[in-house]
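Structure record follows, encoded as structure tokens.
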Amino acid sequence: LTRNRPIDASLYEELADTLILGDTGVAVTTSVLDELQTRAGLAGATDAGALRELLVEILSERLGPAEELRLPPAPAAGDGPPGHAQGDAPRTAVVMVVGVNGTGKTTTVARLAHRLLGEGRKPLIVQADTFRAAATEQALVWAQRLGLDLVHHRPGSDPAAVAFDGVRAAVARGRDVVLVDTAGRLHTKTGLVEELRKVRRVLAREVEGAPHETLLVIDGTAGLNSLEQARVFDEALDLTGIVITKMDGTARGGVVIAIREALGVPVKFVGVGERLDDLVPFDAEAYAREMVG
Amino acid sequence: LLTTRLGGVFRQLRGRGKLSERDVDEALRQVRLALLEADVNYKVVKEFVAKVRERAVGQEVLSSVTPAQKVVKIVQDELTDLMGRGRAGLSFSPRPPSVFMVVGLHGAGKTTAAAKLAYYLKGRGHHPFLIAADLRRPAAQDQLATLGRQHGFTVWAGPPGFARPDPDSAVAASATLEVVRSGLVEARRLAHDVVIVDTSGRLHVDQDLMEELSRVKGAAGPTEVLLVVDAMTGQDAVNVADAFASRVGIDGVVLTKLDGDARGGAALSVRAVTGKPVKFAGMGEKVEDFEPFSPDRMATRILG
Ligand SMILES: Nc1nc2c(ncn2[C@@H]2O[C@H](COP(=O)(O)OP(=O)(O)OP(=O)(O)O)[C@@H](O)[C@H]2O)c(=O)[nH]1
Ligand SMILES: Nc1nc2c(ncn2[C@@H]2O[C@H](COP(=O)(O)OP(=O)(O)OP(=O)(O)O)[C@@H](O)[C@H]2O)c(=O)[nH]1
Ligand SMILES: [Mg+2]
Ligand SMILES: [Mg+2]
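Sequence lines, in order, name chains A and B. Position one of the first sequence corresponds to residue 89 (my numbering), numbered consecutively onward. Position one of the second sequence corresponds to residue 145 (my numbering), numbered consecutively onward.
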């Protein structure tokens, strides 16, 4: 019955409600619905079903083509330790994970390690959160579940020093990808953002092109502040991707559309639970369907 | 700034002579935009603007020489009314210990809030005892124990010889109850006057975990259940607050990470949907960064 409903103002209002309630924001909602109205006219759409399909199409387009982790090739077994290299030569891949407090970074690092193990890689987790109470204990639980070792320093140490040691250890132990977990920090704390820039510089000095991925982890239940977080972290660190977590709840995380449009940063993964395999590659169309309902 | 936006709207409108109801509606559109940009829930915004409109279409505004200021004043009034005037404090039990339980979504700041509340109450002459009843999250008990060691509170992680079960096992829920019950026995034995119970993060739509939380509440017998909400929570705040309030029952809210630049509209949504007051504000990562919530400061922040 709803599919055949004719297109009228109240239908557009309902779609606006859906988008706003999905944390898409007023600006993006207005822009999307304007485009929808234009294209619906051109396509000669006559009912709600057709309009919804068109909306899914528009949202998927705005979220851009799917992007996976772009890591340098892993050194073949027995190649000797990876390290400084040019172009596409095999070397240690470096992934840096950042974001504000409590978004799911540490859990995401564990999930990424799990994923990379499944792809035949040999990850090393570098626990560079030297601030949070029991950060290392938390990481050790995950490392144990993964059967992996972990690099960490004492609380209060310099995270850049941990990052440095982490990359050296990866080379020494023949690991081909380093996952750097960092302490949560609000983007408004300039000194703490600067600390991340220092970690990044150290990683860049140690491996050609590092960090090959800088992922911002955002909380799926957060509102438009995620855009501001992305702006600041992107400006400081040049993000390569977003991971949006806690999408197993009722929040829809629509702010990722604004993030993609304003900053060009794509969502690469979605967290859908607390287990090791609860991290899935981002699928724009599936996401758009979830949003439109 | 809302005042600037409304000022701009009304200047344009005045050019056409006397203000009309339609002119006020145009101004209210700006109010609606400001609240949505602050992450106030869409339905809460609609109800709120309707209330403001009732007052804003009166002569008080239409015949005023400063209509923008009048509308802003009405909005601020209504907002402060909704947020609750004055500070809502904690209530204590006539038969100690008073038990405070923190609940909420993952990563909202519950464990930190438990430690912060202990520090705050210790500074006011109380003797808090913490029960680390999150047996699920890796190293959650270690986290609270570490905070306890750093600031001199007793943290209870279970009776001597207690073995933490696998968090996914069937006994995890009953083990949680055992930690709470044994913790209360110990707190009473040592004559603590305040007990603070940390619980694991959970989704409001996870039926099993919401059920478990009701049972934990039954075991803890809390004087107050505090819903811990991240200030950057978006439209979903109403769903979360409604579920926790109706499934478990809450007495107040702790709004965390207010040291960021999130406008914090979630505070308004939670209050509108549950009628419960925000009692404390988390203002930073340190245990001292915790203060009684100020509703009028929040109202100003939400308006932007
Ligand atoms: N339901 C659900 N919970 C998640 C998800 N991702 C993370 N969590 C939970 O969110 C909470 C915070 O996760 P952490 O990994 O510690 O977050 P963090 O960003 O490292 O936190 P800080 O280091 O304190 O900034 C934990 O309880 C996780 O289990 C997800 O996709 N779904
Ligand atoms: N900047 C800031 N950070 C905070 C505040 N409150 C908590 N945090 C941080 O938020 C993160 C999550 O805090 P937790 O106390 O572990 O959150 P939680 O609700 O117990 O998380 P789970 O047990 O995993 O559900 C940590 O990095 C805290 O330091 C606050 O008011 N300001
Ligand atoms: Mg972490
Ligand atoms: Mg906790």
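Cβ atoms here follow ideal geometry from the backbone N, Cα and C, with glycine treated the same way. Remember, predicted model here, so these are calculated numbers, not experimental data.
Please check the pair A/A181 and A/D264, which I expect to be a contact at CB under 8 angstroms, by giving their CB distance rounded to whole angstroms. Position 93 of the first sequence holds residue 181 of chain A. Position 176 of the first sequence holds residue 264 of chain A. Your pair A/A181 and A/D264 checks out as a contact, with CB atoms roughly 6 angstroms apart and the cut at 8 angstroms.
Taking only beta-carbon atoms, is A/R220 less than 9 angstroms away from chain B? Within the first sequence, residue 220 of chain A is the residue found at index 132, counting from 1. Yes, because at least one Cβ of chain B sits closer than 9 angstroms to the Cβ of A/R220.
If we cut at 9 angstroms on Cβ distances, does A/S245 have a partner in chain B? Here residue 245 of chain A is taken as the residue at index 157 of the first sequence, counted from 1. Not one chain B Cβ lies under 9 angstroms of A/S245.
In whole angstroms, what separates the C-alpha of B/G378 from that of B/A410? Within the second sequence, residue 378 of chain B is the residue found at index 234, counting from 1. Within the second sequence, residue 410 of chain B is the residue found at index 266, counting from 1. Here the alpha carbon of B/G378 sits roughly 6 angstroms from the alpha carbon of B/A410.
Beta bridge counterpart(s) of B/V243 as assigned by DSSP: The residue you call residue 243 of chain B lines up with position 99 of the second sequence. The partner list for B/V243 (beta bridge, DSSP) reads B/V339.
Can at least three beta-carbon pairs, one atom from the segment 236-251 of chain B and one from the segment 304-316 of chain B, be found at a separation below 8 angstroms? Using a C-beta cut-off of 8 angstroms, the segment 236-251 of chain B makes no contact with the segment 304-316 of chain B, since fewer than three inter-stretch Cβ pairs fall below that distance.
Beta carbon proximity, B/Y264 to chain A, threshold 9 angstroms: Walking along the second sequence from the start, residue 264 of chain B turns up at place 120. It does not; no Cβ of chain A falls within 9 angstroms.
What distance in whole Å lies between the Cβ atoms of B/V341 and B/V315, which are believed to be in contact at a cut-off of 8 angstroms? Within the second sequence, numbered from 1, the residue matching residue 315 of chain B stands at position 171. Within the second sequence, numbered from 1, the residue matching residue 341 of chain B stands at position 197. Separation of the CB atoms of B/V315 and B/V341 is rounded to 19 angstroms, and the pair is thereby denied contact status at 8 angstroms.
Under 9 angstroms between C-beta atoms, does B/M442 make it to chain A? Taking the first residue of the second sequence as 1, we reach residue 442 of chain B at position 298. Closer than 9 angstroms: no.
Taking Cβ positions only, does B/D352 come closer than 9 angstroms to chain A? Along the second sequence, read from residue 1 onward, the residue named residue 352 of chain B stands at position 208. So no, B/D352 is outside the interface.
Between A/R220 and ligand 3, is there a pair consisting of the residue's CB and a ligand heavy atom that are separated by less than 8 angstroms? Within the first sequence, the letter at position 132 stands for residue 220 of chain A. For A/R220, the shortest C-beta to heavy atom distance toward ligand 3 is below 8 angstroms.
Give me, in chain order, the residues of the same chain whose beta-carbon lies closer than 6 angstroms to that of B/R346; leave out the 5 immediate sequence neighbours on both sides. Within the second sequence, numbered from 1, the residue matching residue 346 of chain B stands at position 202. So the list reads L353, once near-sequence residues are dropped.
Quick check: what's the CA-CA separation for B/K423 versus B/T298? Taking the second sequence and counting its residues from 1, one reaches residue 423 of chain B at position 279. Taking the second sequence and counting its residues from 1, one reaches residue 298 of chain B at position 154. Roughly 24 angstroms between the two C-alpha positions.
With DSSP as the reference, label B/I218 as helix, strand or coil. Locating residue 218 of chain B in the second sequence gives position 74, counting from the first residue. B/I218 falls in the helix class under three-state DSSP.
Would you say B/R445 reaches chain A, if we count a Cβ-Cβ gap shorter than 9 angstroms as a contact? Locating residue 445 of chain B in the second sequence gives position 301, counting from the first residue. For B/R445, the answer is no, since every Cβ of chain A falls outside 9 angstroms of its Cβ.
Can you tell me whether B/D278 sits near ligand 4, meaning its C-beta is under 8 angstroms from at least one heavy atom of the ligand? Position 134 of the second sequence holds residue 278 of chain B. B/D278 has its CB nearer than 8 angstroms to a heavy atom of ligand 4.
Run through chain B and tell me which residues come within less than 7 angstroms of A/E225, C-beta to C-beta. Reading the first sequence from its first residue, position 137 is the one you call residue 225 of chain A. Chain B residues near A/E225: A283, D286.
Distance cut-off 8 angstroms: A/Q226 Cβ against heavy atoms of ligand 3: Position 138 of the first sequence, counted from the start, is the residue given in the question as residue 226 of chain A. At least one heavy atom of ligand 3 is nearer than 8 angstroms to the Cβ of A/Q226, so yes.
Going along the chain, which unbroken runs of the alpha helix (DSSP H) with 4 or more residues stay wholly within the segment 402-441 of chain B? The segment 402-441 of chain B contains these whole alpha helix (DSSP H) runs: 410-418.
Do B/L163 and B/S207 have their CB atoms nearer than 9 angstroms? Locating residue 163 of chain B in the second sequence gives position 19, counting from the first residue. Locating residue 207 of chain B in the second sequence gives position 63, counting from the first residue. Yes, the Cβ-Cβ distance between B/L163 and B/S207 is below 9 angstroms.
Using only alpha-carbon positions, find the residue among B/R359, B/D225, B/V398, B/V188 that is nearest to B/T256. Along the second sequence, read from residue 1 onward, the residue named residue 256 of chain B stands at position 112. For the options B/R359, B/D225, B/V398, B/V188, the alpha carbon positioned closest to that of B/T256 is the one of B/V398.
Since B/K401 meets chain A, which of its residues come closer than 9 angstroms, beta carbon to beta carbon? On the second sequence, position 257 is the one that residue 401 of chain B refers to. What B/K401 touches in chain A: V188, N189, G190, L274.
Three or more C-beta pairs below 8 angstroms linking the segment 327-342 of chain A and the segment 283-290 of chain A: By the C-beta criterion, the segment 327-342 of chain A is judged not to be in contact with the segment 283-290 of chain A, since fewer than 3 inter-stretch pairs fall below 8 angstroms.
Which residues, in chain order, does the segment 330-355 of chain A contribute to contact with chain B at a C-beta distance below 7 angstroms? Hits within the stretch, in order: K334, D336, G337, T338, A339.
At a threshold of 8 angstroms, does A/D217 count as lining ligand 1 (C-beta to nearest heavy atom)? As a working note, residue 217 of chain A is residue 129 in the first sequence. At least one heavy atom of ligand 1 is nearer than 8 angstroms to the Cβ of A/D217, so yes.
Whether B/F273 touches B/E322 by CB criterion (9 angstroms): Looking up residue 273 of chain B in the second sequence gives position 129. Looking up residue 322 of chain B in the second sequence gives position 178. The criterion of a C-beta distance shorter than 9 angstroms is not satisfied by B/F273 and B/E322.
Counting only the same chain and skipping the five closest in sequence on each side, list residues whose C-beta sits under 7 angstroms from that of B/N383. In the second sequence, the residue the question calls residue 383 of chain B occupies position 239. In its chain, beyond the 5 residues on either side, H348 have a beta carbon closer than 7 angstroms to the beta carbon of B/N383.
Does the beta carbon of A/T90 sit closer than 9 angstroms to a beta carbon anywhere in chain B? For the purposes of this step, residue 90 of chain A is taken as residue 2 along the first sequence, with counting starting at 1. Not one chain B Cβ lies under 9 angstroms of A/T90.
Please report the distance separating the alpha-carbon of B/A406 from that of A/N189. By one-based count along the second sequence, residue 406 of chain B stands at place 262. By one-based count along the first sequence, residue 189 of chain A stands at place 101. So the alpha carbons of these two residues sit roughly 13 angstroms apart.
Have a look at A/T134, A/E145, A/A97, A/E316 and flag the residue whose alpha-carbon is nearest the alpha-carbon of A/V120. In the first sequence, the residue the question calls residue 120 of chain A occupies position 32. A/V120 has its Cα closest to that of A/E145, out of A/T134, A/E145, A/A97, A/E316.
What would DSSP say about A/G168, mapped onto helix, strand or coil? Here residue 168 of chain A refers to the residue found at position 80 of the first sequence. With a pLDDT of 48 at A/G168, under the threshold of 50, the modelled position of that residue is not reliable, and the figure given next carries that caveat. In the structure shown, A/G168 falls within a coil segment according to DSSP collapsed to helix, strand and coil.
Own chain, CB closer than 8 angstroms to B/V189, minus 5 neighbours either side, in chain order: In the second sequence, residue 189 of chain B corresponds to position 45, counting from 1. Same-chain partners within the cutoff: R176, L179, L180.
Run down chain B in chain order and give the residues with a C-beta less than 7 angstroms from the C-beta of A/V114. Numbered from its first residue, the first sequence carries residue 114 of chain A at position 26. Result: L177, L180, E181.
Within the 9 angstroms Cβ cut-off, does A/S119 reach chain B? The count along the first sequence starts at 1 and reaches residue 119 of chain A at position 31. No - not a single Cβ of chain B is within 9 angstroms of the one on A/S119.
Residue list, Cβ distance to ligand 3 heavy atoms smaller than 5 angstroms: Counting every residue whose Cβ lies closer than 5 angstroms to a heavy atom of ligand 3, we get A/K193, A/T194.
Could you name the residues that DSSP lists as bridge partners for A/P211? What you label residue 211 of chain A is simply residue 123 of the first sequence in a count that begins at 1. DSSP lists A/V265 as partners of A/P211.
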